[in-house]
Amino acid sequence: MDRDHLIQIRRDLHRIPEIGFQEFKTQQYLLNLLKQFPEDRVEVKTWKTGIFALVKGTSPKKTIGYRADIDGLPIIEETDYNFQSEHPGFMHACGHDFHMTIAIGLLSHFVLNPVQDHILFLFQPAEEGPGGAEPMLNSDVAKMWKPDLITALHISPELPVGTIATKPGLLFANTSELFIDLKGKGGHAAYPHTTNDMVVAACSLVTQLQSIVSRNVDPLDSAVITIGKITGGTVQNIIAENARLEGTIRTLSVESMNKVKERIEAIVHGVEIGYSCKAIIDYGSMYHQVYNHEDLTVEFMNFVSDSTNFEVNECREAMTGEDFGYMVDQIPGFMFWLGVQSSYGLHHAKLQPDETAIEVAVEAMSKYISFKANN
24 MDRDHLIQIR RDLHRIPEIG FQEFKTQQYL LNLLKQFPED RVEVKTWKTG
74 IFALVKGTSP KKTIGYRADI DGLPIIEETD YNFQSEHPGF MHACGHDFHM
124 TIAIGLLSHF VLNPVQDHIL FLFQPAEEGP GGAEPMLNSD VAKMWKPDLI
174 TALHISPELP VGTIATKPGL LFANTSELFI DLKGKGGHAA YPHTTNDMVV
224 AACSLVTQLQ SIVSRNVDPL DSAVITIGKI TGGTVQNIIA ENARLEGTIR
274 TLSVESMNKV KERIEAIVHG VEIGYSCKAI IDYGSMYHQV YNHEDLTVEF
324 MNFVSDSTNF EVNECREAMT GEDFGYMVDQ IPGFMFWLGV QSSYGLHHAK
374 LQPDETAIEV AVEAMSKYIS FKANN
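Be aware that the sequence shown starts at 24, since it is given in our numbering, and climbs by one per residue.
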């Protein structure tokens, strides 16, 4: 596919963002694209709202996997695009429209330019939540077509176009959602002594949670606890009977994740006693760290540096969460950052990645996958 066709695909996908396991229009759009390729070259199977597309090799000895996530985010778009989201309240604010387009570009390349080994494209739903990588990998189709190695990319607004960045070993953190519900006793604001105020309890809990990283995590390790949303009460003159905290936990080690959760549970139990309330903790979706296979990652970095004009940098690990971690936990592989140069970052309502980065990714990955699939 040429540049203009790929850019049109990206814009079409940008218009129809859908959240995890509800990517019905997205799946159908991708299936319509895949129907354009000869059936003797591409075999397609669906899984929930995801898709497996196997490009057949000429004399296969292994299968190379390439994963692209397909879901959007519940964000109201604020770009000045003339192809803004047509789904109010939802946006491709994490670049998954780019990820899908690049995968289609690569698939098209290998249909027209056969290589020895099979190439399996996984269009994965629900990366942003509740998590699609692990169940997709455990599906019957994945077990039948299980790749011998797997790769993926993620756009990086901070990096200029023409730049690729990654590192051997730990790239992305362990992450977990965090939801805490508090239930006390409501009542009239004039009679606080007859109530158990959950707004006060919630505020105290937020403050205490912030002590975990500074006092319970090894300072040579790293962890983050963020409470991004608090809800509680009904109106200004009624003491709140209920409150809810919603947040995220991120750590660079599994041990620290376990320690942080242990301390959260102890502190929440103390709040139950101190504020005479009941509390329920829900960790929601949990993502495994992305740990790049060291030999493959070094090989990839050296290959792209030697075979293209693109800049390849070794980056630091990030507190970003990515459920691709479940895939590289079971299959040798790696993920990398693709520079897309935007003034606004990931998950921002004004994110506008540079579309010329699509060509960069297709060129770099088509060369690398060809090298791996013919050797």
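We put the CB at the ideal spot given by N, CA and C, even for glycine.
Residue environment, residue 183, which counts as buried when at least 16 other CB atoms sit within 10 Å
Flag for residue 183 reads exposed.
Verify whether the separation of the beta carbon atoms of residue 366 and residue 353 is less than 9 Å.
For residue 366 and residue 353, no; Cβs fall outside 9 Å.
CA nearest to the CA of residue 294, picked from 205, 150, 339 and 313
Of all alpha-carbon atoms in 205, 150, 339 and 313, the one lying nearest the alpha-carbon of residue 294 is that of 205.
Considering only their Cβ atoms, is the gap separating residue 371 from residue 188 smaller than 9 Å?
Contact: no.
Below 8 Å on the Cβ atoms is my guess for residue 235 versus residue 286; work out the distance and round it to an integer in Å.
Between residue 286 and residue 235 the Cβ distance is about 5 Å, and since that is below 8 Å, they are a contact.
Within the same chain, show all residues whose beta-carbon is closer than 6 Å to that of residue 34, passing over the 5 residues directly before and after it, in chain order.
106.
Answer yes if the stretch 215-233 comes into contact with the stretch 261-276, meaning at least three C-beta pairs across the two stretches below 8 Å, and no otherwise.
Yes, since at least three Cβ pairs between the stretch 261-276 and the stretch 215-233 fall closer than 8 Å, the two stretches touch.
Hey, residue 383 and residue 185 are a contact pair by Cβ (cut 8 Å); roughly how many whole angstroms apart?
Going by Cβ atoms, the distance from residue 383 to residue 185 rounds to 6 Å, so yes, they are a contact pair.
Output the boundary residues of the beta strand (DSSP E) element that contains residue 193.
In the DSSP assignment, residue 193 falls within the beta strand (DSSP E) that extends over 192-195.
Comparing alpha-carbon positions, which option in 86, 62, 211 and 147 lies nearest residue 169?
For the residues 86, 62, 211 and 147, the minimum Cα distance to residue 169 belongs to 86.
On the CB-based measure, 16 or more other CB atoms within 10 Å of its CB, does residue 97 come out buried or exposed?
Exposed, because fewer than 16 other Cβ atoms sit within 10 Å of the Cβ of residue 97.
Looking at the secondary structure, which residues open and close the alpha helix (DSSP H) in which residue 184 lies?
Careful: residue 184 lies outside any alpha helix (DSSP H) and carries neither H nor E.
Nearest residue (CA-CA) to residue 319, options 153, 50, 175 and 241:
For residue 319, the nearest C-alpha among the options comes from 175.
From residue 143 to residue 166, what distance separates their C-alpha atoms?
Straight-line Cα distance between these residues: approximately 12 Å.
Among 27, 197, 261 and 328, the one whose alpha carbon lies nearest that of residue 215:
Distances from the alpha-carbon of residue 215 to those of 27, 197, 261 and 328 put 261 closest.
Between residue 370 and the ligand NAP, is there a pair consisting of the residue's CB and a ligand heavy atom that are separated by less than 8 Å?
Annotation note on the ligand NAP: not contained in the displayed structure, which lists no ligands.
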